[in-house]
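Peer 1: Quick one: this structure, given as structure tokens, is what I'll be asking you about.
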Amino acid sequence: LFPVYTRFRFGGCDARIEDAAVVVVGVPYYPTAGVRPVIDGPALIRYFSHEVEDNSLLVEGEFYSSVRCCDIGDVLPGSLERVGEDLESTVARLLAMGKRVLILGGEHTFTYYAVRGARPRTVVVLDAHLDAREELRGERLCYATFMRALAMEGPAENVVYYGARAYSAEEEEVLRSTGRRVVLAGCPGDLERVREPVYLSIDLDVLDPSHMRLVQAPEPLGLGPSGVVEAMKALLGKDVVCVDVMELSPYAIDIPSAALAARLAFEATLLLARSRGEV
Ligand SMILES: [Mn+2]
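Read in this note's numbering, the sequence shown has 185 at position 185, and its numbers run on one by one without any break.
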């Protein structure tokens, strides 16, 4: 049905796809990354997902186990374009089925394709960076440039960054010159006003490196884990159709970072389920 394969599943995701509110899909690839992980990010998140306690930090009294969730596995391997197009069509088809989608990455570049598949009104990006460079080492479409391409081509009218702290004036200017509404949010309250439907992209490097070490581009002075949960809370109850948790790049095994990534991925299932009236 979908171009995917499965090794092991995100914890507790045992609903059949027909019954699921939230569908999990992995893109465990790093085609333009400078570092080569020893194990892929989605595999590590799934491994640690079985250790996460059942309560939510996002929604009091709600439990992950009450969310009907189905993990369909990983998009099949291939080139950036091939994997990207498979992800784009998978996201579009799942949303057409009325599902909400959680994507586990993998490098952030795949967000470019997932947003094209989701066609939201607003993309909210939790990221230390703007990812809006013109090119990086000759690559026009890579983890450092894809937001420029998205802003140029659409589909989202609004791009809201939260936690950005490492970028050039040129990147900011280019984003603003696209005619889209680009906001560098300063507090979670800025996220409460975003237009729906919403695509939420979490680049794990939005977190401070003291909490999140397994990323390609760690950047000091970042958010703490509760800062990310606060941002998710600001979006709770909105029509959040797709969330991605990207850039877990395990070039070493760091247990606290992997456990935090798994916890945030679970909180994302509640954010998605709430938008569908599930919990
Ligand atoms: Mn980043």
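Just so it is clear, CB atoms sit at the ideal spot from N, CA and C, and this is done for glycine as well.
(1) CB of Val127 to nearest heavy atom of ligand 1: below 7 Å?
(2) Could you give the distance in angstroms between the alpha-carbon of Gly136 and the alpha-carbon of Val279?
(3) Specify the secondary structure class of Thr90 as computed by DSSP and reduced to three states.
(4) Provide the residue span of the alpha helix (DSSP H) that contains Arg181, from first to last.
(5) Any heavy atom of ligand 1 closer than 7 Å to the Cβ of Asp208?
(6) Under a three-way DSSP split, which group does Glu62 fall into?
(7) Please report the residue range of the alpha helix (DSSP H) in which Val115 lies.
(8) When burial is assigned at 16 or more other CB atoms within 10 Å of the CB, is Thr6 buried or exposed?
(9) Measuring alpha carbon to alpha carbon, tell me which residue in Ala96, Met97, Arg140, Leu94 is nearest Tyr112.
(10) Which whole-angstrom value is the C-beta distance of Tyr167 and Leu126, which I expect to be below 8 Å?
(11) Taking 7 Å as the line, does the beta carbon of His108 fall inside it for any heavy atom of ligand 1?
Peer 2: Short version:
(1) Against the sequence shown, residue 127 aligns to sequence position 127. The question names Val, yet the displayed sequence has Asp at residue 127. Yes.
(2) Numbered from 1 along the sequence shown, position 136 holds the residue referred to as residue 136. Numbered from 1 along the sequence shown, position 279 holds the residue referred to as residue 279. According to the sequence displayed, residue 136 carries Leu and not Gly. Each residue's alpha carbon lies about 43 Å from the other.
(3) Taking the sequence shown and counting its residues from 1, one reaches residue 90 at position 90. It is helical.
(4) The sequence position of residue 181 within the sequence shown is 181, counting from 1. Careful: Arg181 lies outside any alpha helix (DSSP H), inside the beta strand (DSSP E) at 181-185.
(5) Residue numbering aside, residue 208 sits at position 208 when the sequence shown is read from its first letter. Incorrect: Asp208 has no Cβ contact closer than 7 Å to ligand 1.
(6) Taking the sequence shown and counting its residues from 1, one reaches residue 62 at position 62. If DSSP states are grouped into helix, strand and coil, Glu62 belongs with coil.
(7) Along the sequence shown, read from residue 1 onward, the residue named residue 115 stands at position 115. Taken as a continuous stretch (DSSP letters only), the alpha helix (DSSP H) holding Val115 covers 110-118.
(8) Counting from one through the sequence shown, the residue named residue 6 turns up at place 6. Flag for Thr6 reads exposed.
(9) For the purposes of this step, residue 112 is taken as residue 112 along the sequence shown, with counting starting at 1. Nearest of Ala96, Met97, Arg140, Leu94 to Tyr112, Cα basis: Arg140.
(10) Residue 167 sits at position 167 when you count from the first residue of the sequence shown. Residue 126 sits at position 126 when you count from the first residue of the sequence shown. Not a contact, Cβ separation roughly 14 Å.
(11) For the purposes of this step, residue 108 is identified with residue 108 of the sequence shown, where counting begins at 1. Yes.
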